[in-house]
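Structure first, commentary second.
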């Protein structure tokens, strides 16, 4: 059996590795972006001089040959599911018995005048990074459009080279479609503290170029003209599926898949950013363009491809409880479970913020059952296993608060803030909870294995 994987991102390569663990079938991975798998989340650190491209590649070149995974560099223009063939731009055809589409995302463009000028780029692919590097040689000022995670990464990249940045954010506070008000305002302050010209409630209207076809200025919805030599379009990503529009594969916004990550076409599967679940689990979105999700999908689809070949039972894709992490300049961010910017009436939260305004802890719980629903952490590290267990077991908020030390994952000698969180809860509720002093790895292991905390 020949299993062909289109895309060498986290979903595709995770699938390839697990297929090899489970079987001896022939595996071919096709990518137009790069020769080898690299960590996409580390691209910014290449630009900032902290890493080289080879440092972002977790597997040495010999790994692929040793594990009998064939790598093909090429751009697939067409998928012929009737003939089970992939047609590449150089005229080659690669046939498959099983096909996994893990072709990722592409940066959004919304038809702005001038969006195709030189010096206008997204920040998703290795080619985007190369283009940004090329533009940076004579760059006097950059404008970034879009208030999300990629936008703030790009702002930090330019800031590291002392390139002035104007940051256009349509909303009235940074990423407030995801972050609650207090956390969003914390990020606003931190962006400004880092010397970024943050323009809230400001949208891109047009991009103007010079006679050479390079961007020279942007026009905003407020009539402002901002000179620049680079425009970063970071207004989200969309599944990379245009080349499939004339195939037999059913599409929505992405490639539609069932709970086993199968498409409507026999022997064709999809995983990662390009996959759209027909019936997502409760609390999850049909498309989740997140690194962790790509990894989990890759493991699931690998099992199911091998199961379909061998006639064994497939597994249902189960992403579990939502979690994610990011960084806003030097403020680390973690979220576990349900933390909404506009919560329903039954959600309550304890929100503690450090007086310096760069650390915060939010714990969300149900006001009727007192079950913990989620954690939002800024500048503080909590153990994912502990938080996810509490949420999964619907632990009582007071039990969680008394044992909050189990979750703390900050390095030794860092200041602990659990006592302040418990004191805040006591002040708000009139209770007199006492923090249990159980900390450290042995206490965490006992808790995770089911011993009484």
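Numbering (the working numbering), first residue to last: 163 to 615.
For each residue, glycine too, the CB sits at the ideal point set by N, CA and C.
None of these values were measured; they are calculated from a predicted model.
For residue 542, there is no enclosing alpha helix (DSSP H), since its DSSP letter is neither H nor E.
At a cut-off of 3 residues, the continuous stretches assigned as beta strand (DSSP E) that sit fully inside the segment 201-277 are 231-235, 238-242, 247-250, 255-257, 260-263 and 267-269. Secondary structure of residue 411 (DSSP, three-state): coil.
The Cβ neighbour count for residue 559, taken over all protein chains shown within 10 Å, is at least 16; the residue is labelled buried.
Each residue's CA atom was taken as its position, placing residue 295 and residue 209 some 7 Å apart. At the C-beta level, residue 380 and residue 366 come within 7 Å of one another. Under the three-pair Cβ rule at 8 Å, the segment 234-244 counts as touching the segment 400-407. Each of 377, 501, 438 and 399 was checked against the Cα of residue 278, and the nearest Cα belongs to 377. Check the Cα spacing between residue 525 and each of 508, 517 and 562: the tightest is with 562.
For a cut-off of 8 Å, the C-beta gap from residue 459 to residue 437 is around 6 Å, short enough to register as a contact. Contact check for residue 233 against residue 191 passes: the beta carbons are separated by less than 7 Å. The C-alpha of residue 350 is placed about 8 Å away from the C-alpha of residue 360. The Cβ-Cβ distance between residue 508 and residue 528 falls below 7 Å. Under DSSP, residue 198 forms no beta bridge with any residue. Counting C-beta atoms within 10 angstroms of its own C-beta, residue 254 has fewer than 16 neighbours from the protein chains shown and is therefore classed as exposed. Straight through space, the alpha carbons of residue 398 and residue 245 are spaced by roughly 35 Å. The C-alpha of residue 194 is placed about 32 Å away from the C-alpha of residue 302.
The straight-line gap separating the alpha-carbon atoms of residue 479 and residue 248 is approximately 26 Å.
In this structure, 523 is the residue among 518, 523, 447 and 385 with its C-alpha nearest to the C-alpha of residue 511. Judged by DSSP secondary structure, residue 363 falls outside any beta strand (DSSP E); it is assigned neither H nor E. By the C-beta density criterion, residue 335 is buried, having at least 16 other C-beta atoms within 10 angstroms. Around the beta carbon of residue 212, fewer than 16 other beta carbons lie within 10 angstroms, which makes this residue exposed. Taking C-beta atoms as the reference points, residue 173 and residue 434 count as a pair closer than 7 Å. In this structure, residue 568 lies away from residue 537, with their beta-carbon atoms at least 7 Å apart. Under the three-state reduction of DSSP, residue 163 is assigned to coil, being neither helix nor strand. A check of alpha carbon separations from residue 586 across 547, 206 and 514 identifies 514 as the nearest.
The alpha-carbon separation between residue 384 and residue 321 amounts to approximately 25 Å. In this structure, the CA atom of residue 483 is about 46 Å from the CA atom of residue 371. Taking the C-beta atoms as reference points, residue 534 is found nearer than 7 Å to residue 553.
Under the DSSP assignment, residue 453 falls in the alpha helix (DSSP H) whose first and last residues are 453-472. Residue 190 sits in a strand when the DSSP states are folded into three classes. Apart from the 5 residues on each side of it in sequence, residue 293 sits with its Cβ closer than 7 Å to the Cβ of 283 in its chain, given in chain order.
Taking all protein chains shown into account, residue 272 has fewer than 16 neighbouring C-beta atoms within 10 Å of its C-beta and is therefore exposed. When C-alpha distances from residue 477 are compared across 489, 390, 444 and 424, the shortest belongs to 424. By the Cβ-count criterion, residue 299 is exposed, with fewer than 16 other Cβ atoms from all chains shown falling within 10 Å of its own Cβ. In this structure, residue 205 sits away from residue 262, with a CB-CB distance that is not shorter than 7 Å.
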